[in-house]
Amino acid sequence: MNVLLRRLLLPSIGVVHAAGPAQSSTKKEKECDPCRKLVRACDLPLYVEDGTKKCVDCVDTSAPPPEETIFTETIKCARKEIWFLMEQLKIVQKEVVTSLQSFREQSEDVVSFLREESNFAPRMGAIAVGGLTGYILALRRGIFRKLIYTTVGSTSIAALCYPKEAKAYSQDGFKIVKKYALIGYHFLNGGNQESPSPSKK
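Going left to right, the sequence shown walks through residues 333 to 533 as my numbering numbers them.
Written out as structure tokens, the structure is:
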């Protein structure tokens, strides 16, 4: 009886073992096919493995890349140049803003220093420098223009050092100029009008 069972079971076991490797090989070939475009649920990992990633090729990577034409090359070069210029403009803009801020801070410090009551000598020196600057600007002009430029330069620095006094003097000067302008206007108007001659009876 045992001999009969062995003869019946042993051939079938060999057939099962022979068919097993063939099925596993075809399954691996289907999984490693690079032209396969669909991702099955069995390809998605359920648990994260030890730092390894599973890549699935959805397109044929063996195909050569498309050739670049003259148009695409031109567009590519133009984009690179534009991005480079934009980066340079950002750098220049940042430098200009930084320089303006530092100049503004230094100017405010100088003005606040000159407006202090205890700094009389520096204020006089600044006013003299303003007048000298106006004289240098009008160096090749006549005496009248030199006088005007020197006066404007020194007056501007004086107004910067004494803002309250400059405001008061400017208001008084405006009133005086307005007064004399009205006097001149009425004088010219009265001089041009012809007085009517008296009628003789």
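All C-beta atoms, glycine included, are put in the ideal place defined by N, C-alpha and C.
Here the structure is a predicted model, which means the values were calculated and not measured.
query	result
Short Cβ contact (9 Å threshold) for Lys-408 with Glu-400	yes
Integer-rounded CB distance, given that Thr-487 should sit under 8 Å from Tyr-467	With 8 Å as the limit, Tyr-467 and Thr-487 do not qualify as a contact, their Cβ atoms being about 13 Å apart.
Distance CB(Tyr-494)-CB(Arg-447) smaller than 9 Å	yes
Status (buried if at least 16 other CB within 10 Å, exposed otherwise) for Ile-489	buried
Residue burial classification, Ile-402 (beta-carbon count within 10 angstroms, cutoff 16)	exposed
Three-way DSSP call (helix, strand, coil) for Arg-447 in this model	coil
Rounded C-alpha distance that separates Met-456 from Asp-441	17 Å
Where the alpha helix (DSSP H) containing Gly-466 begins and where it ends	452-469
Lys-478 to Glu-419 span [Cα, whole Å]	48 Å
Backbone CA spacing between Phe-476 and Lys-507 [nearest angstrom]	25 Å
Exposed unless 16 or more other CB atoms sit within 10 angstroms - verdict on Ile-515	exposed
Test item: CB-CB of Ala-453 and Leu-492 under 9 Å	no
Chain-order list of residues whose beta-carbon lies under 7 Å from that of Asn-451 (same chain, five-residue window excluded)	Phe-445
Cβ-based burial, Ala-470 [other Cβ within 10 Å; buried from 16]	buried
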